[in-house]
Amino acid sequence: MTQKKRSIKDDFTMLTILLIPIGVAVNVVGGNLASLLKLPMYLDTIGTIFTGIIAGPWVGAVTGLLTNIVTGITNPVNFWFIHVNVIVGLLTGFMARAGWFTDWKKGLLATVIQSVASTIASAPPVVYVFGGVTGSGTSLISAVMIAAGKSIWTSFLSVEIVWTVIDRIISWLISLGVMRVIPDRTLVKFPLGNLYLKNKK
Amino acid sequence: MDKSFLEQVQIHKKNKLDGLHSKTKMIVLILYVICTFILAVKVTRLQLPLYQIAWFGVLLVIFALSGQFAKCLRGMRAVFVVFAVIVIAQSLIQPGGEILFKLGPITIEEHGLQKACNLGFMVLDVAGIFVWFFQTTSHKEIAAALREAGVNDKIAYVFVSTLKMIDEMGKNSRTIMNAQRARGIETEGNLMVRAKAFVPSLIPLVLTAITGAEERVVTLEARGFSVNAQKTSVFKLEKSGAETLVLIVSLLITVALAAWRIFLA
Amino acid sequence: MSTIMECKNVTYQYPLTDKPTLKNINIKIEKGKVYGVVGENGAGKTTFCAVLRGFAPSFYQGELQGEVELEGKNIVEYGGDISTRIGYVFQNPFTQISGVKDTVYEEVCYGLENFGVPVDEIDRRVREVMKLTNIESLAMQNPFEISGGQMQRVALASVIVLEPDVLVIDEPTSQLDPEGTESVFEVIKAMKEKHKTIVLVEHKIDLIAEYADEVIVFKDGEIVAHGPTEDILSDMSLLKKGVNLPQVAVLCSKLKEKGLPLEKIAVTDKEAVRVIEKALKERG
Chain E
6 MTQKKRSIKD DFTMLTILLI PIGVAVNVVG GNLASLLKLP MYLDTIGTIF TGIIAGPWVG
66 AVTGLLTNIV TGITNPVNFW FIHVNVIVGL LTGFMARAGW FTDWKKGLLA TVIQSVASTI
126 ASAPPVVYVF GGVTGSGTSL ISAVMIAAGK SIWTSFLSVE IVWTVIDRII SWLISLGVMR
186 VIPDRTLVKF PLGNLYLKNK K
Chain D
4 MDKSFLEQVQ IHKKNKLDGL HSKTKMIVLI LYVICTFILA VKVTRLQLPL YQIAWFGVLL
64 VIFALSGQFA KCLRGMRAVF VVFAVIVIAQ SLIQPGGEIL FKLGPITIEE HGLQKACNLG
124 FMVLDVAGIF VWFFQTTSHK EIAAALREAG VNDKIAYVFV STLKMIDEMG KNSRTIMNAQ
184 RARGIETEGN LMVRAKAFVP SLIPLVLTAI TGAEERVVTL EARGFSVNAQ KTSVFKLEKS
244 GAETLVLIVS LLITVALAAW RIFLA
Chain W
30 MSTIMECKNV TYQYPLTDKP TLKNINIKIE KGKVYGVVGE NGAGKTTFCA VLRGFAPSFY
90 QGELQGEVEL EGKNIVEYGG DISTRIGYVF QNPFTQISGV KDTVYEEVCY GLENFGVPVD
150 EIDRRVREVM KLTNIESLAM QNPFEISGGQ MQRVALASVI VLEPDVLVID EPTSQLDPEG
210 TESVFEVIKA MKEKHKTIVL VEHKIDLIAE YADEVIVFKD GEIVAHGPTE DILSDMSLLK
270 KGVNLPQVAV LCSKLKEKGL PLEKIAVTDK EAVRVIEKAL KERG
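Chains as they are written, first to last, in the numbering used here: chain E, 6 to 206; chain D, 4 to 268; chain W, 30 to 313.
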């Protein structure tokens, strides 16, 4: 690939603009489906990860941003975590642009980096706004640790990082599954689609 | 004669608060959040959870005056759950101060309850005003307000189309799940069984949406999405007439609260 | 009649493919005529439509050689405003809704809003077109929640209301039942009466025979025949080129072979009845 100067605007083609609502809907529907099937996972960032991988950091970030805004309409608690979803999209997108997601090992590493960084970013609101316990699936464990005298920060981070890493790895694998079934002629129209063609010329 | 189509797509509201222009509602929202923080900041040794509770009362008054009390409370369901979790968890795990309640291994101490109320009501207040905004403002009004504010057409499009896409995809996911059940794919049972149902429910949805997006681009272009023109809108955003009054009142309350916190408490 | 669109030596190749999908296309589209585009699957009909409207290569990328002109000016020069001149309707009714409107009425308004037409005029034009396309009863329904046939009529209405000079319509009925097909062709007929220039891809050859003034035959990315509808659809040699000819035309040709002195090979049912009746009468 020839390196040319990219501007943020180049990432927002008509097609990627239409990808954003899809990404957000995948986040929301994925999350709902996970809770409907009573899975012990959130699975609510599949869309952010997916758009980041095929359309780069800015489209990924907007998908993350918009997800928390629209889910905030019914559950305003999500407004406090907008930055977390944005970071997921941004980091995934930047690493995707660097070609990390064309390779299993690097893809896994990128997913772990992204999960750890975004979990750390979610800690301040959890600690300061919600006192370490948000009512999410893992907060019971955190609550027990806090009650046992551990600091709020360690209680939240130690539990949440492990959990998030697993959650995001699954989400990444599902994204890969989706990319597998998208035909090359469609894939090639996305900003980073060239990286993932099944039949390279 | 029946009302014209053009008339039927408009939104008219009788209630002056409910019918406020979206921009005014947004300003009210911002001022309310600022006030919540003004009340929460610990500038003195005073403990203030009670003010947060009173401030929540103001929110309930706003709900009621907007004529949407029940609807707003329904919108608060998710928030109440979080509120309950925070209050219970904080009262139980925060030590310090007098013991207020003791039953077996469960003790509630003064500091815990204070923190519980402070955090709990702060979340309730901030989240609640957002609930009010979104329960009294339709998607259509938000989109129109964005356009009026001169926001890029693409952003307005993405916002509205996202809300519609969630609706659509949600419906389709339920259809697919039912179809799977009918075909004998288990959606209940142990964890692995349920986990296996997840992927086939989601992937076809995404695939259809993505391949459809290509044609959607063609559709939008055919409908002049990229035409160089000042776009018009058949939907007209209305004002209720109470905008100025509401702005003045909210500003006065904010200034008064700030002054009181700075000079008196 | 004057030429409204023209393809000059157009060759087009999609990305990721080895050979061009369209080869050396030269054609003049005359104002006010209906062009039926026929040929086997994969012959390049849909690509031809996309090239006429400029979606290939602007959206589909790939490589275009030669020129596509609208009124003597390359369509690239029109930029986004090309949508005010060329209307485009395609197969899939489900992807032809804007995705941002609550009602069918607003959906049909959408294009004119984008064009910046004043609201009073939008309302007048939209009501007129909804009447013409017979979708008035759907006006307040959610465009996502109507049938495929209804959606296709809404899609047609949404494009017709823009009053483009040229309408490119790609297999509008392939996913519709007979009733839906008929209602779509009612609209095409009305457009023909308004002297719109129409380029129509359609597999149902009897409909082409009935509505088209001229027929363009594609095979392997090239135009292999082009001329007045009767001339083309009565040419039995096209059967070998994968073109589906009207059954009445095949019948007439067979009858002629058997010695019935038909005045011509008819391509529509009505004409066939007339010429056969006449021939039989003459024979006594």
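Cβ atoms here follow ideal geometry from the backbone N, Cα and C, with glycine treated the same way.
Handout entry: Whole-angstrom distance between Ala-85(W) and Gly-178(W), CA atom to CA atom
Key = 27 Å
Practice task
To the nearest angstrom, report how far apart Glu-224(D) and Ala-128(E) are at their CA atoms.
Solution key: 43 Å
Practice task
Would you be able to state if there are at least three C-beta pairs under 8 Å between the region 172–181 of chain D and the region 98–114 of chain D?
Solution key: Touching, no, given that fewer than three Cβ pairs across the two stretches are closer than 8 Å.
Handout entry: Neighbour-count burial assignment, Gln-11(D), 16 or more Cβ in a 10 Å radius
Key = Here Gln-11(D) is exposed, its C-beta having fewer than 16 other C-beta atoms within 10 Å.
Practice task
Select from the region 44–69 of chain W all residues with a C-beta closer than 7 Å to any C-beta belonging to chain E, and list them in chain order.
Solution key: Pro-44, Leu-45
Handout entry: Pairwise C-alpha distance: Tyr-201(E) and Met-159(W)
Key = 45 Å
Exercise for the section: Sort out for me which residues DSSP pairs Met-329(W) with in a bridge. Expected result: Examination of residue 329(W) is not possible in this model, given that chain W is present from 30 through 313 alone.
Problem - Where Ile-314(W) sits in the DSSP three-state scheme - result: What is shown of chain W runs 30 to 313, which leaves residue 314(W) out entirely.
Practice task
Answer yes if the region 129–137 of chain W comes into contact with the region 155–172 of chain W, meaning at least three C-beta pairs across the two stretches below 8 Å, and no otherwise.
Solution key: yes
Practice task
Consider the Cβ of Ser-141(D): report whether some Cβ of chain E lies at a distance smaller than 9 Å.
Solution key: no
Exercise for the section: Output the residue ranges of the alpha helix (DSSP H) runs that lie fully inside the region 11–69 of chain E and measure 4 residues or longer, sorted by chain position. Expected result: 13–16, 19–41, 51–60
Problem - Ser-187(W) versus Leu-284(W): straight-line alpha-carbon distance, rounded - result: 45 Å
Problem - Same chain only: Cβ atoms within 6 Å of Ala-115(E), ignoring 5 sequence neighbours per side - result: Met-100, Trp-105
Practice task
Provide the residue span of the alpha helix (DSSP H) that contains Leu-103(D), from first to last.
Solution key: Premise fails: Leu-103(D) lies in the beta strand (DSSP E), 102–106, not in any alpha helix (DSSP H).
Practice task
Please check if any C-beta of chain W sits within less than 9 Å of the C-beta of Met-4(D).
Solution key: Confidence at Met-4(D) is low in this model, with a pLDDT of 48, below 50, so its placement is unreliable and the value that follows should be read with caution. Not an interface residue.
Problem - Proximity below 9 Å, CB of Leu-141(W) to CB of Leu-191(W) - result: yes
Problem - Below-9 Å beta-carbon distance, Arg-283(D) vs any chain E residue - result: Since the first and last residues shown for chain D are 4 and 268, residue 283(D) lies out of range.
Problem - Contact set for Glu-96(W): own chain, Cβ-Cβ below 6 Å, skip 5 residues either direction - result: Lys-37, Asn-103
Handout entry: Span separating the alpha-carbon of Val-78(D) from that of Val-84(D)
Key = Per the sequence shown, the amino acid found at residue 78(D) is Gly instead of Val. The straight-line gap from Cα to Cα measures roughly 12 Å.
Practice task
Run the CB neighbour count on Val-302(W), radius 10 Å, all protein chains shown included, and call it buried at 16 or more, exposed below.
Solution key: exposed
Practice task
With DSSP collapsed to three states, give me the class of Met-6(E).
Solution key: Summary for Met-6(E): the model assigns pLDDT 42, below 50, so the residue's position carries little reliability, and this model does not support an answer.
Exercise for the section: Ignoring anything shorter than 4 residues or poking outside the region 209–236 of chain D, list the alpha helix (DSSP H) runs there in chain order. Expected result: none
Problem - Identity of the residues DSSP links to Asp-199(W) by a beta bridge - result: Val-230(W)
Problem - Boundaries (first-last residue) of the alpha helix (DSSP H) holding Thr-169(E) - result: 157–186
Handout entry: Amino acids of chain D, ordered along the chain, whose beta-carbon sits closer than 9 Å to that of Gly-116(W)
Key = Ala-225
Exercise for the section: Could you tell me the boundaries of the alpha helix (DSSP H) in which Thr-178(D) lies? Expected result: 156–185 is the extent of the alpha helix (DSSP H) around Thr-178(D).
Practice task
Please list, in chain order, all residues of the same chain as Lys-74(W) whose beta carbon is under 7 Å from its beta carbon, the five residues on each side excluded.
Solution key: Val-66, Gly-68, Val-230, Phe-247
Exercise for the section: Within the same chain, show all residues whose beta-carbon is closer than 8 Å to that of Asn-121(W), passing over the 5 residues directly before and after it, in chain order. Expected result: Gln-204
Practice task
State the start and end residues of the unbroken beta strand (DSSP E) segment that holds Tyr-64(W).
Solution key: Here the beta strand (DSSP E) through Tyr-64(W) covers 63–68.
Exercise for the section: Report the residues of the region 207–221 of chain D with a CB closer than 8 Å to any CB of chain E, ordered along the chain. Expected result: Leu-208, Val-209, Leu-210, Ala-212, Ile-213, Thr-214, Ala-216, Glu-217, Arg-219, Val-220
Exercise for the section: State buried or exposed for Lys-293(W), treating a residue as buried only when at least 16 other CB atoms are found within 10 Å of its CB. Expected result: exposed
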